[in-house]
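Heads up, the sequence shown is in our numbering, so the first residue is 2 and it goes up one at a time.
Shown next, in structure tokens, is the structure this report addresses.
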Amino acid sequence: MELYAPETDPLQTIFIGGGTPSILSANALAQLFANIHQNFTTSPGAEITVECNPGTVDAEKLSVMQDNGVNRLSFGLQAMQDETLKQLGRIHTVSEFLQSYHLTRKHGFENINIDLIFALPEQSMAAWHQTLNAVIALDPEHISAYNLVMEEETPFYEQWQAGELHLPSEDTEADMFQYTIETLTAHGYTHYEICNFAKHNHFAKHNLVYWNNQPCIGLGVGACGYINGMRYANIRGIAPYIKELSKRSKPIADTEHLTGRAAKAETLMLALRKREGISLEAYQNRFGEEIEVAFGDILNKWSDSHLLEQTDTHLRLTDRGLLLANEVFIELM
């Protein structure tokens, strides 16, 4: 924090997340926030989010968060069936989640996100319906619903490669996604990003920083940031991270400075995740040219396939394009 503080404007958003920050003791959380407030200033109305794992929050920790301006919590629930949670390797139960959720409401938190995953191994459409509708009944301000992505070097990936994992078909996955959109919008949630839904304009301001390809500071082991057009990733090992910091040196492991078409493609791909798409004016102001100059052929192809559409002000994915967004993104990159 001290290394980045001198070059930092007042913070618009703070996100304490990745891993399980709520596992920290109340004293450790208080120290963390004391250091944040000592080194940075925050803008009035700044969004301050803490990710919480069900079963790791208590009244003392919630009081510390409130005292330090935390105004948004995010619970990684994933599913509403204990058997599924166990299969996912989650340490919480549905009952523990419900206890944690109601405790945060009792403490007056009025902006809560719940993370869900669909297209899980052995997951039926009925199970997904149950999960989604049970969460809707809790009336959170924000719901994130992601499809399961198989990442290499994970137990799930290895089981999948060995034929031991039975995933829903692509058609079932698409039906789950469509059901999610239709059900959440019918219950008053605005579908503002491919996987994100919010009530009463409770959009995730911090995530919008990513989707709008704006600067952010990444602090901590393995964290990523984006400053002055440079993307960086911190050292992933705790011991070497501490060793580098002890030299009063930023513990950066890798950097990448995107320029030219690569920078344009990244900005376009990230913005297309939003339902409103990318502002034609904002793109032109940023790069000094219209989108068609670099991507005309690709845009024509996907427009003809009805995956992209253009309004007077924005370029965006169509409803069909949402289901096939990765095909568009891969070709852009």
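Ideal Cβ placement from N, Cα and C applies to all residues, glycine included.
{"Query": "N-terminal and C-terminal residue of the alpha helix (DSSP H) that ILE299 is part of", "Result": "292-305"}
{"Query": "DSSP-derived helix/strand/coil call for ASP255", "Result": "strand"}
{"Query": "Sequence-distant residues of its chain with Cβ nearer than 8 Å to THR260 (five each side left out)", "Result": "GLY230"}
{"Query": "Other residues of its chain near ALA60: CB distance less than 8 Å, five sequence neighbours each side excluded", "Result": "LEU104 and HIS108"}
{"Query": "Cβ shell of PRO141 (< 6 Å), same chain only, five flanking positions each side left out", "Result": "ILE113 and ILE115"}
{"Query": "Residues near ARG237 by beta carbon distance below 8 Å, same chain, minus five either side", "Result": "VAL222, GLY223 and ALA254"}
{"Query": "Closest Cα partner of MET126 within the set TYR102, GLU291 and ASP172", "Result": "ASP172"}
{"Query": "Limits of the unbroken beta strand (DSSP E) element including HIS395", "Result": "With the chain represented from 2 up to 334, any question about residue 395 goes unanswered, as that position is not in the structure."}
{"Query": "As assigned by DSSP and simplified to three states, the class of LYS87", "Result": "helix"}
{"Query": "Own chain residues within Cβ distance below 6 Å of ASN214, not counting five before or after", "Result": "THR268 and LEU271"}
{"Query": "CB contact flag (LYS206, TYR190, <7 Å)", "Result": "no"}
{"Query": "Local Cβ density within 10 Å of HIS307, reported as buried at 16 or more and exposed below that", "Result": "exposed"}
{"Query": "Alpha helix (DSSP H) runs wholly inside the region 60-140, at least 4 long, in chain order", "Result": "60-68, 83-88, 95-107 and 126-139"}
{"Query": "Status (buried if at least 16 other CB within 10 Å, exposed otherwise) for ALA80", "Result": "buried"}
{"Query": "Distance CB(ALA225)-CB(TYR147) smaller than 7 Å", "Result": "Looking at the sequence itself, residue 225 is Cys, so the reference to Ala does not match. Going by C-beta atoms, CYS225 is not nearer than 7 Å to TYR147."}
{"Query": "DSSP-derived helix/strand/coil call for ILE243", "Result": "helix"}
{"Query": "For ILE331, the first and last residue of its enclosing beta strand (DSSP E)", "Result": "Here ILE331 belongs to no beta strand (DSSP E); instead the alpha helix (DSSP H) covers 326-333."}
{"Query": "Buried or exposed by the 16-neighbour rule on C-beta atoms within 10 Å, applied to THR256", "Result": "exposed"}
{"Query": "CB of VAL65 within 7 Å of CB of ALA29, strictly", "Result": "no"}
{"Query": "Simplified DSSP assignment, three categories, for SER339", "Result": "No statement about residue 339 is possible, as the shown extent of the chain runs from 2 to 334 and does not include it."}
{"Query": "Coil, strand or helix - HIS203 by DSSP", "Result": "coil"}
{"Query": "Nearest candidate by alpha-carbon position, reference HIS315, set ILE331, PHE119, LEU273 and LEU78", "Result": "LEU273"}
{"Query": "Nearest-angstrom Cβ-Cβ length linking ASN54 and HIS93, presumed shorter than 8 Å", "Result": "6 Å"}
{"Query": "Residues bridged to PHE198 (per DSSP)", "Result": "ILE144 and HIS192"}
{"Query": "GLN13 in three-state terms, based on DSSP", "Result": "strand"}
{"Query": "LEU149 beta carbon less than 7 Å from that of ALA187", "Result": "no"}
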